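Going by numbering that gives the first Met the number 0, the sequence shown opens with residue 0, and the numbers climb by one from there. In this text, a Cβ means the ideal position worked out from N, Cα and C, and glycines have one as well. Remember, it's a predicted structure, so these values are computed and weren't measured experimentally.
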Amino acid sequence: MRTHDRDRTLDLREAIQRTGYYPEVVSDGVAGAVAGEHVVSYYVHHEPTFDRDEIRRHLTVVVLTPSRLIVAHTDEHAADDMIPEPYTSTSTEAIALSTVRSVVVTRMVTNPTSGPAPAAEAVVTIGWGGVSRIDLEPAGCQDPECDADHGYTGVLASDDFSIRASATADGEDAVDALLAFAESLSARTSA
0 MRTHDRDRTL DLREAIQRTG YYPEVVSDGV AGAVAGEHVV SYYVHHEPTF DRDEIRRHLT
60 VVVLTPSRLI VAHTDEHAAD DMIPEPYTST STEAIALSTV RSVVVTRMVT NPTSGPAPAA
120 EAVVTIGWGG VSRIDLEPAG CQDPECDADH GYTGVLASDD FSIRASATAD GEDAVDALLA
180 FAESLSARTS A
């Protein structure tokens, strides 16, 4: 543990509580995945989405412990054939920090010519090898007369998890918090 780190478990619980989104259910799922480990950093993202004529809410919580990255996601569901009343589902994944291969941070800054400014939006993509994406495109050459088949070229990218925060939708504090979480995670995965 680094000497400047403090256990932020209570802060995490309060952040989950502030969302008002099934806080007991979410906290229980997150606590089970954290399993008593020290909370170094976290990010809580509450995102309502529109599903035809209904609003569906989702909550994603990412937690950094000294040894693991925890990703928790809770959805709400209407009653269905299997469960006859409305319900939530919470999925958690615990990833050893030693397996995190990349932390990609994309910051969008408006009016960049006017000097340093807070990010208007941020996207953090974390790769640990659970999911890979391949982007292929036809290969070519520089000869405009050439009609030969040059095969394909592509990129294989790790794309396990992405989370986005926007100052317009979520507030500047949410963007700052996401960037702070990414910085903490990057620092822990560099060793």
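Please confirm whether residue i and residue j have their CB atoms less than 8 Å apart.
i      : j      : result
Val60  : Val25  : yes
Phe160 : Tyr42  : no
Val174 : Ala166 : yes
Val33  : Ile15  : no
Leu58  : Val38  : no
Trp127 : Val104 : no
Leu184 : Val108 : no
Thr64  : Thr89  : no
Ala118 : Arg106 : yes
Considering only DSSP beta bridges, list what residue i is partnered with.
i      : result
Glu92  : Val70
Glu120 : Met107, Ser165
Tyr41  : Val62
Asp50  : Glu53
What whole-angstrom Cβ distance do residue i and residue j have, given they're in contact under 8 Å?
i      : j     : result
Glu216 : Ala71 : For the chain, the structure presents residues 0 to 190; residue 216 sits outside this window and is missing.
His45  : Arg56 : 7 Å
Arg67  : Glu23 : Not a contact, Cβ separation roughly 23 Å.
Thr91  : Gly31 : 7 Å
Ile125 : Ala93 : Not confirmed; about 13 Å, so no contact.
So, is residue i buried or exposed, given that buried needs 16 or more other C-beta atoms within 10 angstroms?
i      : result
Arg51  : exposed
Ala78  : exposed
Val123 : buried
Ile54  : exposed
Gly170 : exposed
Leu177 : buried
Asp6   : exposed
Val154 : exposed
Ser40  : buried
Arg1   : Bear in mind that a pLDDT of 48 at Arg1, under 50, signals an unreliable position, so the model cannot answer this.
Using 7 Å as the cut-off, classify the Cβ of residue i as near or not near the heavy atoms of the ligand NAP, replying yes or no.
i     : result
Glu46 : Looking for the ligand NAP in the displayed structure turns up nothing, as the structure carries no ligands at all.
Stretch-stretch touch, CB-based, cutoff 8 Å, three pairs: the region 131-149 with the region 12-25: Fewer than three pairs of CB atoms, one per stretch, sit closer than 8 Å, so the region 131-149 makes no contact with the region 12-25.
Contact the region 82-91 vs the region 110-117: 3+ CB pairs below 8 Å: Taking 8 Å as the limit for Cβ pairs, the verdict is that the region 110-117 does not touch the region 82-91.
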